[in-house]
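Novice: Last residue of the sequence shown: number 354 in UniProt numbering, and the count goes up by one each step with no gaps.
Mind looking over this structure? Questions follow.
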Amino acid sequence: MNNELKNENDDVENSEDLCKAINGIENIDTSKLNILDEELINSSLAGISHKKSLELWDLDLDVLLNTTNNLKIICKNNQKPKMDLCSIINAKSGKCTQNCSFCAQSIHNTCEIDEYGLKTPEEILKNAKGMEKYCNRYSIVTSGKKVSDEEFETILGTLISIQKETSLKTCASLGILSKDQIKAFAENNIRLHNNLETSKNYFDKICTTHSYEDKYKVSQKAKKYGVSVCSGGIFGLGESKKDRHSMLYDLKELGVDSIALNLLHPIKGTKNYELLDNKVYTPIGVIEALKSIAIAKIIYPQSNIRLCGGREHVLKDLQNLALYSLDGLMVGNYLTTDGRNPDKDLKMLKEMGF
């Protein structure tokens, strides 16, 4: 069986609807807003309600993209928007005891991946220096519910070395952290990454070995101690649109600094791959993905909306359309899947005026 699942919506979504969206935004005049654009922008800036945000799905994609593009310019005081680029390293891979349905690193799934313990500081620093020309933030990610005290100290020292030896800002995604570990992040100006993954109501459909509250409390504690937090989730796990909005408004309640959005790239051997292969639910398509990203930006006009894993798999050659709603992009490889050549991303950004 091929490791790639075909999205049966692709042929439909890449035709009439997408042509309309592309034609609607290719000649955007940011000095002229129609009444609908103005209403949406004012609603967004005032803080669109949870209930009202669900009505955004009734709007055409071109309307949403026009709105988010103008929101970005307005929120930057009419200055040219910039794209915040980050990169990650899978510093400790596989053998995770948690049963996340989407994750290739879980021992509860049957994926064929590279498994290894924590990489050395030298290996990580070398990788960071190699990515420095492509991004301005670098994150160390480890598998497992949490890291040991010894591993944490090694990672902390490595992050400090990256700060000293490169121009990169630093971030880490290490699972559940203690109060003292969070304080160490605060003291060393390290951003915490900690995805909620999905809504509180849907969480037990994707994981039962830890809870939504476990994750929520880590971000809550980090904000309490002044740590910058990047958090988000995955679209395409079988969740409803209401679930996506519920997660987004929980993130808003937490006051996170960066919202990381992923589009499910189903990996053979995971529960989600099996569910999609058996047509238990429909994979997220291009239009739905682009609308989801745009709606997130309308909910969060002042925050950094960042697109991470799965963009190549779901959006393919239409990734540039997502840029109208984005403030950030993850470049390079992901945890267990390959990303696009970063040079191609830089070329795309240049062509789109970034």
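In this text, a Cβ means the ideal position worked out from N, Cα and C, and glycines have one as well.
Taking the alpha-carbon positions, what's the G236 to N195 distance?
Specialist: Taking the first residue of the sequence shown as position 1, residue 236 is located at position 236. Taking the first residue of the sequence shown as position 1, residue 195 is located at position 195. Each residue's alpha carbon lies about 15 Å from the other.
Novice: If we count the other Cβ atoms within 10 Å of its Cβ and call it buried at 16 or more, is K51 buried or exposed?
Specialist: Position 51 of the sequence shown, counting from 1, holds the residue named residue 51. Result: exposed.
Novice: If you check the beta carbons only, do L174 and F152 fall under 8 Å apart?
Specialist: Within the sequence shown, numbered from 1, the residue matching residue 174 stands at position 174. Within the sequence shown, numbered from 1, the residue matching residue 152 stands at position 152. In contact: L174 and F152 (Cβ atoms closer than 8 Å).
Novice: Would you list the one or two residues that DSSP bridges to C230?
Specialist: To locate residue 230, count along the sequence shown from 1; it is residue 230. BP columns for C230 point to H193, S258.
Novice: Is the Cβ-Cβ distance between L307 and L290 less than 8 Å?
Specialist: Here residue 307 refers to the residue found at position 307 when the sequence shown is read from its first residue. Here residue 290 refers to the residue found at position 290 when the sequence shown is read from its first residue. No; because the gap between Cβ atoms is not below 8 Å, this pair is not in contact.
Novice: Give the straight-line distance between the Cα atoms of Y202 and S246, rounded to the nearest whole angstrom.
Specialist: By one-based count along the sequence shown, residue 202 stands at place 202. By one-based count along the sequence shown, residue 246 stands at place 246. If you take the alpha carbons of Y202 and S246, they lie about 10 Å apart.
Novice: Run through the region 100-150 for me and flag every whole alpha helix (DSSP H) of 4 or more residues, listed as ranges in chain order.
Specialist: 121-131, all fully within the region 100-150.
Novice: If you compare alpha carbons, which of Q319, N341, M330, T337 is closest to M352?
Specialist: In the sequence shown, the residue the question calls residue 352 occupies position 352. Selected option, being the one with the closest Cα: Q319.
Novice: Going by Cα to Cα distance, which pick from T337, G238, I190, T198 is closest to D250?
Specialist: In the sequence shown, the residue the question calls residue 250 occupies position 250. With distances taken between Cα atoms, D250 lies closest to T198.
Novice: Does DSSP put G328 in a helix, in a strand, or in coil?
Specialist: Start at 1 with the first residue of the sequence shown, and residue 328 comes out as number 328. Here G328 sits in strand by DSSP.
Novice: Between G226 and I160, what straight-line distance do the alpha-carbon atoms span, to the nearest angstrom?
Specialist: Stepping through the sequence shown from its first residue, residue 226 is reached at position 226. Stepping through the sequence shown from its first residue, residue 160 is reached at position 160. Their Cα atoms are separated by approximately 18 Å.
Novice: Hey, how far is the Cα of I107 from the Cα of S43?
Specialist: The residue given as residue 107 occupies position 107 in the sequence shown. The residue given as residue 43 occupies position 43 in the sequence shown. Distance between the alpha carbons of I107 and S43: 45 Å.
Novice: The alpha helix (DSSP H) with T68 in it runs from where to where?
Specialist: Locating residue 68 in the sequence shown gives position 68, where the first residue counts as 1. Unbroken alpha helix (DSSP H) run through T68: 61-75.
Novice: Please state the DSSP three-state secondary structure of D84.
Specialist: Residue numbering aside, residue 84 sits at position 84 when the sequence shown is read from its first letter. Three-state DSSP puts D84 in a strand.
Novice: Determine the burial state of Y216: buried for a count of at least 16 other Cβ atoms within 10 Å of its Cβ, exposed for fewer.
Specialist: Against the sequence shown, residue 216 aligns to sequence position 216. Answer is buried; the Cβ neighbour count reaches 16.
Novice: What separation, rounded to the nearest whole angstrom, lies between the Cα atoms of E55 and Y300?
Specialist: Sequence index remark: in the sequence shown, residue 55 carries index 55 (1-based). Sequence index remark: in the sequence shown, residue 300 carries index 300 (1-based). Approximately 16 Å, taken between the alpha carbons.
Novice: If I measure Cβ to Cβ from T336 and keep anything under 6 Å in the same chain, skipping five residues before and after, which residues do I get?
Specialist: Counting from one through the sequence shown, the residue named residue 336 turns up at place 336. Contacts found: A104, I113.
Novice: With DSSP as the reference, identify every bridge partner of T170, one or two as the case may be.
Specialist: Counted from its first residue, the sequence shown places residue 170 at position 170. T170 is bridged to Y138.
Novice: Could you check what DSSP says for S240 in three-state terms: helix, strand or coil?
Specialist: In the sequence shown, counting from the first residue as 1, residue 240 sits at position 240. Reduced to three states, the DSSP call for S240 is coil.
Novice: Can you tell which of L156, K200, S211 has the C-alpha that lies nearest to the C-alpha of R191?
Specialist: Walking along the sequence shown from the start, residue 191 turns up at place 191. The residue with the shortest Cα to Cα distance from R191 is L156.
Novice: Would you mind reading off the limits of the beta strand (DSSP E) that contains R306?
Specialist: Here the question's residue 306 lines up with position 306 in the sequence shown. Unbroken beta strand (DSSP E) run through R306: 304-307.
Novice: I182 lies in the alpha helix (DSSP H); which residues open and close that run?
Specialist: The count along the sequence shown starts at 1 and reaches residue 182 at position 182. Unbroken alpha helix (DSSP H) run through I182: 179-187.
Novice: Could you name the residues that DSSP lists as bridge partners for C207?
Specialist: Locating residue 207 in the sequence shown gives position 207, where the first residue counts as 1. Beta-bridge pairing links C207 to no other residue.
Novice: For I48, does the three-state DSSP call read helix, strand or coil?
Specialist: Walking along the sequence shown from the start, residue 48 turns up at place 48. I48 falls in the coil class under three-state DSSP.
Novice: CB D345 to CB L329, shorter than 8 Å?
Specialist: By one-based count along the sequence shown, residue 345 stands at place 345. By one-based count along the sequence shown, residue 329 stands at place 329. For D345 and L329, yes; Cβs fall inside 8 Å.
Novice: In this structure, how does DSSP classify I28 when only helix, strand and coil are distinguished?
Specialist: As a first step, residue 28 must be located in the sequence shown, where it is residue number 28. For I28, the predicted model reports a pLDDT of 45, less than 50, meaning its position is unreliable; a value from the coordinates is still stated below. If DSSP states are grouped into helix, strand and coil, I28 belongs with coil.
Novice: Can you give me the Cβ contacts of K129 inside the same chain, cut-off strictly under 8 Å, excluding the 5 residues immediately before and after it?
Specialist: In the sequence shown, counting from the first residue as 1, residue 129 sits at position 129. Within the same chain, K129 has close Cβ partners E165, T166.
Novice: Does L335 come out as helix, strand or coil in the three-state DSSP assignment?
Specialist: The count along the sequence shown starts at 1 and reaches residue 335 at position 335. Here L335 sits in coil by DSSP.
Novice: Cutting at 6 Å between CB atoms, please list the residues of its own chain near P266, excluding the five before and the five after it.
Specialist: Position 266 of the sequence shown holds residue 266. The answer, listed in chain order, is L5, N272, Y273, L276.
Novice: Note down the Cα distance separating N90 from S53, rounded to an integer number of angstroms.
Specialist: Residue numbering aside, residue 90 sits at position 90 when the sequence shown is read from its first letter. Residue numbering aside, residue 53 sits at position 53 when the sequence shown is read from its first letter. Cα to Cα, N90 sits roughly 35 Å from S53.
Novice: Look up I89 in the DSSP assignment and give the residues it is bridged to.
Specialist: Taking the sequence shown and counting its residues from 1, the one referred to as residue 89 is at position 89. Its beta-bridge partners are I140.
Novice: Residues in its own chain within less than 8 Å of R137 by CB, not counting five upstream and five downstream?
Specialist: Counting from 1 along the sequence shown, the entry for residue 137 is found at position 137. Taken in chain order, the residues that qualify are D84, L85, C86, S87, L168, K169, T170, C171, R191.
Novice: So Y281 and G238 are supposed to be a Cβ contact under 8 Å. How far apart are they, rounded?
Specialist: For the purposes of this step, residue 281 is taken as residue 281 along the sequence shown, with counting starting at 1. For the purposes of this step, residue 238 is taken as residue 238 along the sequence shown, with counting starting at 1. About 4 Å separates the two Cβ atoms, so the contact holds.
Novice: Looking at the secondary structure, which residues open and close the alpha helix (DSSP H) in which N201 lies?
Specialist: Your numbering for residue 201 matches position 201 in the sequence shown. First-last for N201: undefined, no H or E at that position.
Novice: Do L177 and V229 come within 8 Å of each other at the CB atom, strictly closer than that value?
Specialist: As a working mapping, residue 229 is identified with position 229 in the sequence shown. As a working mapping, residue 177 is identified with position 177 in the sequence shown. Taking 8 Å as the Cβ cut-off, V229 and L177 do not qualify as a contacting pair.
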